[in-house]
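*Asks:* Mind having a look at this structure? Questions to follow.
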Amino acid sequence: MRAATRLCLPLLTLALSLVAVPGDADARSTRRGPVQVEPPVHTGVHVSIEAPEGSGFTTVGHRGQTFVAGELGERYVVRIVNDAPTRVEVVVSVDGRDVISGKLGDFRKQRGYVVEPFGEVVIDGFRRSLSEVASFRFSGVGDSYTARRGTPQHAGVIGVAVFGERASAVTRPWAATDSARADKDTARRDVAPRTSPAPDRGAGSARSKSPRAQRELGTEFGEDRFSPVVEVPFTRRNASTPDQKLTVFYDSAAGLRARGVPIDPVFVDGWRGDPQPWPSADREGRFAPPPPPRRWE
């Protein structure tokens, strides 16, 4: 499949399956000697959960994690900003579901979006085709896409795995054709049905009793929305090891409070007067202070 023309820059771009499971060509290459895995590097990628018009939901950091307070029925988008001078691929999951294939998230095998240097992408739904998505919309856990697919325990989390691009000098274009064709076919098979998502095998009814299913919010497979993309080649520096992983947890404000997340603002009184070096010593005199006034005075 030929790479799409670069005249389509306003469109989002999907990585072709140079990042998919290694095929026979890759298997042959591993027999030549051990594969050296490059160490992960910080990519300078940032993620935020926003309303469609760009306003943010209440977001707090707590014990090293990021939490967002969503609102039932509200549509949202995932904005990913790349502050690096090189392209990156971002594999995104919502409620444990890959946003492109709808399968359980596995960044080692799934494709992602390509973000240009110092650029950004706005992901607004589960991808149904190269031109449409099913909108992200906060819902009850039972109505979420992941619950309807049989995995309610994963509701309430958004993940982003970031992969840097391999230098062009070591890119193996001869291995791309078969992988790209296989990934294109997989993408067609993975498009989720609009009305009745089928549960995954092995999900089991016992999973619905997980404590995670008791959280208040998930993300539904919402209304269709025009969101065109093109496919472009992309080869990862490390095929299965992300250079950066980002996680955002979300729930209703009430749900976050119940989990001990300080979602409400804290108001602190300003300074009153000058600071005192010995507050207790100054307040506690050597002699008895007068009593408070009588109530009837």
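In this note's numbering, the protein residues as written are 9 to 305. Heads up, the beta-carbon is just placed ideally off N, CA and C, and yes, glycines get one too.
Can you determine whether any heavy atom of the ligand GTP sits closer than 7 Å to the C-beta of Arg-267, and answer yes or no?
*Replies:* Looking for the ligand GTP in the displayed structure turns up nothing, as the structure carries no ligands at all.
*Asks:* Alpha helix (DSSP H) containing Tyr-153: first to last residue?
*Replies:* Start at 1 with the first residue of the sequence shown, and residue 153 comes out as number 145. 153-156 is the extent of the alpha helix (DSSP H) around Tyr-153.
*Asks:* Tell me which residues share the same chain as Thr-67 and place their Cβ nearer than 6 Å to its Cβ, disregarding the 5 neighbours each side in the sequence.
*Replies:* Looking up residue 67 in the sequence shown gives position 59. Cβ within range, chain order: Val-76.
*Asks:* What are the boundary residues of the alpha helix (DSSP H) that includes Gly-263?
*Replies:* Residue 263 sits at position 255 when you count from the first residue of the sequence shown. Its alpha helix (DSSP H) spans residues 261-266.
*Asks:* Can you tell which of Gly-172, Ile-131 and Pro-160 has its C-alpha closest to the C-alpha of Pro-60?
*Replies:* As a working note, residue 60 is residue 52 in the sequence shown. Pro-60 has its Cα closest to that of Ile-131, out of Gly-172, Ile-131 and Pro-160.
*Asks:* Taking the alpha carbon of Glu-231 as the point to measure from, which residue in Ala-175, Ser-147 and Leu-22 has its own alpha carbon closest?
*Replies:* Along the sequence shown, one-based indexing puts residue 231 at 223. It is Ser-147 whose Cα lies nearest to the Cα of Glu-231.
*Asks:* Using the C-alpha atoms, what's the distance from Val-274 back to Pro-236?
*Replies:* Here residue 236 is taken as the residue at index 228 of the sequence shown, counted from 1. Here residue 274 is taken as the residue at index 266 of the sequence shown, counted from 1. Rounded to the nearest angstrom, the two C-alpha atoms are 43 Å apart.
*Asks:* With a 10 Å radius around its C-beta and 16 neighbouring C-beta atoms as the bar for buried, classify Leu-22 as buried or exposed.
*Replies:* Along the sequence shown, read from residue 1 onward, the residue named residue 22 stands at position 14. By the 10 Å Cβ count, Leu-22 comes out buried.
*Asks:* Can you tell me whether DSSP reads Gly-172 as helix, strand or coil?
*Replies:* For the purposes of this step, residue 172 is taken as the residue at position 164 of the sequence shown. Strand.
*Asks:* Could you give the distance in angstroms between the alpha-carbon of Asp-103 and the alpha-carbon of Ala-262?
*Replies:* Here residue 103 corresponds to residue number 95 of the sequence shown, with the count starting at 1. Here residue 262 corresponds to residue number 254 of the sequence shown, with the count starting at 1. C-alpha separation (whole angstroms): 19 Å.
*Asks:* Just how far apart, CA to CA, sit Val-165 and Ser-176?
*Replies:* The residue you call residue 165 lines up with position 157 of the sequence shown. The residue you call residue 176 lines up with position 168 of the sequence shown. If you take the alpha carbons of Val-165 and Ser-176, they lie about 34 Å apart.
*Asks:* Secondary structure at Gly-150, three-state DSSP: helix, strand or coil?
*Replies:* Against the sequence shown, residue 150 aligns to sequence position 142. Note: Gly-150 maps to helix in three-state DSSP.
*Asks:* So, at 7 Å on beta carbons, what are the nonlocal neighbours of Thr-154 in its own chain, with the 5 sequence-adjacent residues on each side left out?
*Replies:* Within the sequence shown, numbered from 1, the residue matching residue 154 stands at position 146. Once the five neighbours on either side are set aside, the close Cβ partners of Thr-154 are Asp-103, Gly-104, Arg-105, Pro-160, His-162, Ala-163 and Gly-226.
*Asks:* Report the rounded CA-to-CA distance for Ala-247 versus Ile-271, giving the unit in angstroms.
*Replies:* Sequence index remark: in the sequence shown, residue 247 carries index 239 (1-based). Sequence index remark: in the sequence shown, residue 271 carries index 263 (1-based). About 38 Å.
*Asks:* Does the pairing of the stretch 115-127 with the stretch 68-87 give three or more beta-carbon distances under 8 Å?
*Replies:* Under the three-pair Cβ rule at 8 Å, the stretch 115-127 does not count as touching the stretch 68-87.
*Asks:* If you follow the beta strand (DSSP E) that Glu-231 is in, where does it begin and where does it stop?
*Replies:* Here residue 231 refers to the residue found at position 223 when the sequence shown is read from its first residue. Per DSSP, Glu-231 belongs to the beta strand (DSSP E) from 225-234.
*Asks:* Look up Gln-252 in the DSSP assignment and say whether it is helix, strand or coil.
*Replies:* Taking the sequence shown and counting its residues from 1, one reaches residue 252 at position 244. Three-state DSSP puts Gln-252 in a strand.
*Asks:* Could you tell me whether the Cβ atoms of Ala-92 and Gly-52 are closer together than 8 Å?
*Replies:* If you number the sequence shown from 1, residue 92 lands on position 84. If you number the sequence shown from 1, residue 52 lands on position 44. Against a cut-off of 8 Å, the Cβ pair of Gly-52 and Ala-92 comes out as a contact.
*Asks:* Please list, in chain order, all residues of the same chain as Ala-169 whose beta carbon is under 6 Å from its beta carbon, the five residues on each side excluded.
*Replies:* By one-based count along the sequence shown, residue 169 stands at place 161. Counting only Cβ-Cβ distances below 6 Å, and skipping sequence neighbours, we find Val-99, Phe-115, Pro-250 and Lys-253.
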